[in-house]
Amino acid sequence: MTEAAGSSPWRVTLPHSTEAVPLARALVRSALAHLEESTHSETAELLTAELVANAIQHTGGDHPIELVVVLLPTGCQVEVHDGDPAPPGNLSQPGDMPDPWEEDGRGLLLISTLSSACGHRATDQGKAVWFTLPAV
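In terms of our numbering, the sequence shown opens at residue 78 and continues consecutively.
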């Protein structure tokens, strides 16, 4: 994860439940309010919600999820850490277009399409999935 000089990341531990999604959106909204240059707050909230929802849906157990928001001179980077080391799927090529009648299956497509960069990396406790957004 790239960090801005002098920038401290915003970190919060979230429960492994659906209550984590609105909490994550609120943290991202609060963090981005501190940027000197604005960024796409609504997009950041949407993509964060997708990452957190994916972490809850695709990881077992009740291990907490960690949300990390880093304010960069050129925008922001958001990471969601979970306890499952399995990769989230291919963020650079999310696969086939989702069935328009299905309720889910669009998260990775949204993240790869709307962010300026995205990916995942292994951590000591599992993995971190991240995206960056530029300032506007």
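Positions of the beta carbon are idealized from the N, C-alpha and C atoms, including for glycine.
Computed from a predicted structure; not experimentally measured.
- Task: Kindly list the residues whose CB is nearer than 8 Å to the CB of Leu187, restricted to its own chain and excluding five residues on each side of it in sequence; keep chain order.
- Result: Here the question's residue 187 lines up with position 110 in the sequence shown. Here the set comprises Leu123, Leu124, Glu127.
- Query: Shortest alpha-carbon distance to Thr209 belongs to which of Leu185, Cys195, Asp201?
  - Reply: Taking the first residue of the sequence shown as 1, we reach residue 209 at position 132. Of Leu185, Cys195, Asp201, the residue nearest in Cα terms is Cys195.
- Item | Per-residue burial, Leu148 [other beta carbons within 10 Å of its own, 16 or more giving buried] | Taking the first residue of the sequence shown as position 1, residue 148 is located at position 71. So Leu148 ends up on the buried side.
- Message: Between Arg88 and Val145, how many whole angstroms is the CB-CB distance? I'm expecting something under 8 Å.
- Response: Against the sequence shown, residue 88 aligns to sequence position 11. Against the sequence shown, residue 145 aligns to sequence position 68. Right, the Cβ-Cβ distance comes to about 5 Å (below 8 Å), so this counts as a contact.
- Item | Distance between beta carbons of Lys204 and Asp139, contact taken as under 8 Å | Taking the sequence shown and counting its residues from 1, the one referred to as residue 139 is at position 62. Taking the sequence shown and counting its residues from 1, the one referred to as residue 204 is at position 127. So it is not a contact: roughly 17 Å between Cβ atoms.
- According to DSSP, is Ala126 helix, strand or coil? Working through the sequence shown from its first residue, we reach residue 126 at position 49. Collapsing the DSSP output to three states places Ala126 in a helix.
- According to the neighbour-count rule (16 or more other Cβ atoms, all chains shown, within 10 Å of its Cβ), is Ala97 buried or exposed? Along the sequence shown, one-based indexing puts residue 97 at 20. Ala97 should be labelled buried.
- Range covered by the beta strand (DSSP E) that runs through Ala194: For the purposes of this step, residue 194 is identified with residue 117 of the sequence shown, where counting begins at 1. Per DSSP, Ala194 is one residue of the beta strand (DSSP E) stretching across 194-200.
- What distance in whole Å lies between the Cβ atoms of His111 and Pro141, which are believed to be in contact at a cut-off of 8 Å? Here residue 141 is taken as the residue at index 64 of the sequence shown, counted from 1. Here residue 111 is taken as the residue at index 34 of the sequence shown, counted from 1. Wrong, their Cβ atoms sit about 24 Å apart, outside the cutoff.
- Measuring alpha carbon to alpha carbon, tell me which of Thr200, Leu185, Ala121 ends up nearest Gly166. Translated into the one-based positions of the sequence shown, residue 166 becomes position 89. Per the Cα distances, Leu185.
- Query: Does the beta-carbon distance from Gly152 to Ala212 come in below 9 Å?
  - Reply: Looking up residue 152 in the sequence shown gives position 75. Looking up residue 212 in the sequence shown gives position 135. Contact flag set, yes.
- Message: Report the CB separation of Ala132 from Val157 in whole angstroms; it is logged as a contact under 8 Å.
- Response: As a first step, residue 132 is located in the sequence shown; it is residue number 55 there, counting from the start. As a first step, residue 157 is located in the sequence shown; it is residue number 80 there, counting from the start. Rounded, the Cβ-Cβ distance is 5 Å, consistent with contact.
- Message: My output table needs one value for Ala163: the three-state DSSP class, helix, strand or coil.
- Response: As a working mapping, residue 163 is identified with position 86 in the sequence shown. DSSP places Ala163 in coil when its eight states are reduced to three.
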